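Written below as structure tokens is the structure these notes are about.
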Amino acid sequence: MEVIPAIDISDGKCVRLFQGKKGTEKVYYEDPLEALKYWKRIGAERLHCIDLDGAWGSNKNKQKLREMIQNTESQIKVQVGGGIRTIQEAKDLLDLGADRVIIGTMAIKTPEKITILSKEVGSEHIIVALDYRKGQIATHGWTKQTNKDPFNFGKKIEGYGAGFILFSAIESDGAFTGPDFINIEKMIKTVDIPILAAGGIRNIEDLDNLHKIGVYGAIVGKAFYEQKIEPSVVKKSKYKNENV
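Plus 1 on top of the position in the sequence shown (first one is 1) and you've got the numbering used here.
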């Protein structure tokens, strides 16, 4: 299992939100590049970088996200998301050096574009974000609710060519309430592609339990920045993926 530190960018700063809500930003680094340098020193192998303002429809962090990708160099891989609304935008980020792109709203609205993108860049570079609240998928940076069931849609986008699913429990995000283990395990059993889990991770026990149920990657943000989990866990061998 990959343990992946999250760097969320809003107004050019590294922040965390509570349940994804605008106005709940807590700043941890004035410059996200400082967070990147920190995780490099720790020995992280991958980072999860999200342009929150991009997800909400703004381009203000686009250059900062590009700088993040360009500064990862060869020793650390980065997966990026937030406001990727076209195939070309996804390809541009991959061409710039991102290892994986995270597609949310575009995949929900036009899932056939996943097929086009996967044929052009390979499904191993495509993560589809299924963010859910009260059992239904939300889009546009979690601001718009759909009536789509995440499990049915998960199976659908697997068929369209997604390489990974990022499964996020919105109500648990930044709340330290623990991951939604029941639904995460249900999604793992629903699809055959790897699952990245996000939302609610509080401590090392949560990571242990995610590992036990077969999660491929755990996205950890606030628990790292609030010193709830020792940062060196990003390189612990017991979480290495054995069979995926």
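Virtual Cβ for every residue (Gly too), placed ideally from N, Cα, C.
The structure presented is a predicted model; accordingly, all values stated were derived computationally and were not measured.
For T106, no beta strand (DSSP E) segment is defined; the enclosing uninterrupted segment is the alpha helix (DSSP H) at T106 to K110.
Non-local C-beta neighbours of I104 in its own chain, meaning closer than 6 Å and more than five positions away in sequence, comprise I85 and V129, ordered along the chain.
Between the beta-carbon of A219 and that of L211 there is about 5 Å, and that keeps the pair under the 8 Å contact cut.
The beta carbons of M188 and F152 sit closer together than 8 Å. Around the beta carbon of S169, a 10 Å sphere encloses 16 or more other beta carbons of the protein chains shown; the residue is thus reported as buried. The secondary-structure analysis by DSSP pairs D132 across a beta bridge with A139 and S169. In the three-state scheme derived from DSSP, where H, G and I count as helix and E and B as strand, Y39 is classed as helix. One thing to note: I43 has its Cβ within 8 Å of the Cβ of V235.
No Cβ-Cβ contact shorter than 8 Å links A198 with I171. Taking all protein chains shown into account, G155 has 16 or more neighbouring C-beta atoms within 10 Å of its C-beta and is therefore buried. Taking the Cβ atoms as the reference, D174 lies roughly 16 Å from G136, outside the contact range of under 8 Å. The region 55-109 is shown to contain whole alpha helix (DSSP H) runs of 4 or more residues at 63-71 and 88-97, in chain order.
When the alpha-carbon of S124 is set against those of D132, L97, G160 and K23, the nearest one is in G160. Here G58 is exposed: its Cβ has fewer than 16 other Cβ atoms, across all protein chains shown, within 10 Å. The continuous beta strand (DSSP E) containing I196 extends over residues I196 to A199.
Take I5, set aside five residues on each side of it, and the residues of its chain with a beta-carbon closer than 8 Å to its own are A45, R47, L48, H49, Q80, L197, G218, A219, I220, V221 and V235, in chain order. One thing to note: A7 has its Cβ no nearer than 8 Å to the Cβ of I70.
Here A163 carries a coil assignment [DSSP, helix/strand/coil]. One thing to note: G13 has its Cβ no nearer than 8 Å to the Cβ of N72.
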